[in-house]
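Please read the structure below before turning to the comments.
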Amino acid sequence: MPTKAKRPYLYEVDLMRIIFIFGVLLNHTTTALERMTVAGSSSQLFFNASHLMLHFTRMGFMFMTGLVLTLNYYNRQKNWPQFWKKRYLSSGIPYIFWNGFFLLMGMIADGVAFNGWSYFKNWGHAILYGDSFYMYYILVTFQLYLLYPLIVRLFKTVKMHSRILIGSIIVQLLMLLMFKYGYPHLDTSGWWYLFRSYGMNVISYQLYFIFGSFVAIHYHQFDDWIKDHARPLVVITVLLAFGTIGLYFFDINVLHLTLAKALEVHQPYLMVYALVMISTVFWVGRRYAYHRQHGLSPKIDWIIRMGAKVSFGVYLVQTIPLTILKLGLAQTHLPSWGYVLLLPVGYAFVAIGSFLIAWFCYKVPPFGILIGRPQRRKRKEVIHYDRTYKTTD
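Under the numbering used here, residue 415 is the last one in the sequence shown; the count climbs by one each step, no gaps.
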């Protein structure tokens, strides 16, 4: 009887996960250091002006979610209740736990007396709104899981998938223009939370989920296009990256936006930058996959594969090393330029610390469930008289 062909493992996806998650950590580390600089100093300006350069990582995370979901489920027989059960449990348990854990640790660090009613009220708020401890991504992903069957139906129904992608780009551009130029002049206080706080709304990131699904379905065609245009793609990526500095000064000096608004990810320019950067990261991942088969150091390969396995865990636990870093910085009294020089050290601490905590959870039962990687109980043979059978530990 014919056997089902095993889907080849895409090693490039591992490196892409690494780039996006550790790019997120770099983004958050620079924010912690920027807050220690003197207002108006050149060091503060350095951190703020270069901040948008790292903002492709959020969209990259959304892209990877759409890519991996579609690679795994697009051609599989659909059982959406089972899909929702698996996805909501694997992400929901860590989401609920870490929100409660970080809230409790924050109360202890601040010396606040424990109040059960207040604690559970704040815990419920954090779970419902996803606005604490960098958990917004998971709240957005929960919405995606609910809508994902519609994305599959869309790609199954519309035969020319390029039209879906182009339409998604147009819709995204219109939304970003509204977010940047319209929302600041509207009174949204009475709006539903997901409309008022559009950064928590899955629709605000629809392009990157659609783009990920598109690439997954047309993987080889997209790979061929990237290889044929790699050199100009890299050049454009570098130019757009430095162009984010100009965008910052335009937002501050010409549009007179607030700092928070100038550094917001929801801007038309950043949409273009993110799409190009994601494509470049895809090309870098494909180069890694090639070199892995042509003499890449086994140690480097192991680090990348293990980092990819715990990438979601790294995202979840980053608050721990970031908080320790902030507490340590609060005890320092350096000139502003000193915090710029501390960037490599601070980043190494946050990156390595996040990885080690996630790695501990991954390797030590039962903590794997807290990073979406529950350990399976090993099966062992038990000899009972003349019968051999399997049991669980």
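Using N, Cα and C, we set each Cβ at its ideal position, and we do this for glycine too.
Three or more Cβ pairs closer than 8 Å define a contact, and the segment 333–343 meets that threshold against the segment 390–399. Between phenylalanine 105 and leucine 166, the alpha-carbon positions lie close to 12 Å from each other. Distance from the CA of methionine 197 to the CA of glycine 317, rounded to the nearest whole angstrom, comes to 46 Å. Tryptophan 145 and leucine 125 do touch by the CB rule: their CB atoms are close to 6 Å apart, below 8 Å. In the three-state reduction of the DSSP assignment, alanine 296 falls in the helix class. For phenylalanine 44, same chain residues with a beta-carbon under 7 Å away, outside a window of 5 residues either side, are Ala373 in chain order. If you compare the alpha carbons of Met127, Tyr230, Ser226 with that of lysine 202, the shortest gap goes to Ser226. Our two residues, arginine 175 and phenylalanine 371, have alpha carbons roughly 44 Å apart in a direct line. Closest option to threonine 59, judged by alpha-carbon separation, among Gly360, Ile379, Leu208, Phe377: Gly360. Using a Cβ distance threshold of 8 Å, isoleucine 248 and tyrosine 96 do not count as a contacting pair.
Separation of the CB atoms of phenylalanine 78 and methionine 222 is rounded to 19 Å, and the pair is thereby denied contact status at 8 Å. If the five residues before and after phenylalanine 272 are omitted, its C-beta is found closer than 6 Å to no C-beta atom of its own chain. Spanning the alpha carbons of leucine 37 and asparagine 275 requires a straight line of approximately 38 Å. Pairing serine 235 with phenylalanine 142 gives a Cβ-Cβ distance that is not under 8 Å. A direct Cα-Cα distance of roughly 20 Å separates methionine 86 from valine 256. As for any alpha helix (DSSP H) of minimum length 4 sitting wholly inside the segment 326–367, the runs are 333–339, 341–352, 358–363, ordered along the chain.
For methionine 157, the secondary structure class from DSSP, reduced to helix, strand or coil, is coil.
In this model, leucine 229 and valine 237 are separated by some 12 Å (Cα to Cα). In this structure, the alpha-carbon of leucine 364 lies about 10 Å from that of serine 358.
Around arginine 308, the same chain offers Glu34, Asp245, Ile248, Lys249 as residues with beta carbons nearer than 8 Å, after the five sequence neighbours per side are excluded. Just measuring C-alpha positions, the residue of Leu48, His147, Leu344 sitting nearest phenylalanine 69 is Leu48. Taking tyrosine 215 as the centre and dropping the five residues before and after it, the same chain places the C-beta of Tyr151, Met222 closer than 8 Å to its C-beta, in chain order. In the structure shown, the three-state DSSP call for glycine 62 is coil. About 5 Å separates the Cβ atoms of threonine 341 and phenylalanine 155, confirming a contact at the 8 Å cut-off. Residue ranges of uninterrupted alpha helix (DSSP H) with 4 or more members, entirely inside the segment 124–191 and ordered along the chain, are 138–151, 158–179. Remark: C-beta atoms of phenylalanine 389 and cysteine 383 approach each other more closely than 8 Å. Taking the Cα of glutamate 56 as reference, the smallest distance to any Cα among Ala352, Thr280, Ile40 is reached at Ala352.
For histidine 278, there is no enclosing alpha helix (DSSP H), as DSSP gives it neither H nor E. When secondary structure is reduced to three states using DSSP, glutamine 397 falls in the coil class, being assigned neither helix nor strand. In the three-state reduction of the DSSP assignment, proline 206 falls in the helix class, which pools H, G and I. Taking 8 Å as the cut-off, the Cβ atoms of alanine 330 and isoleucine 40 count as close.
Proline 254: member of the alpha helix (DSSP H) spanning 252–271, first to last residue.
Using a Cβ distance threshold of 8 Å, phenylalanine 233 and glycine 82 do not count as a contacting pair.
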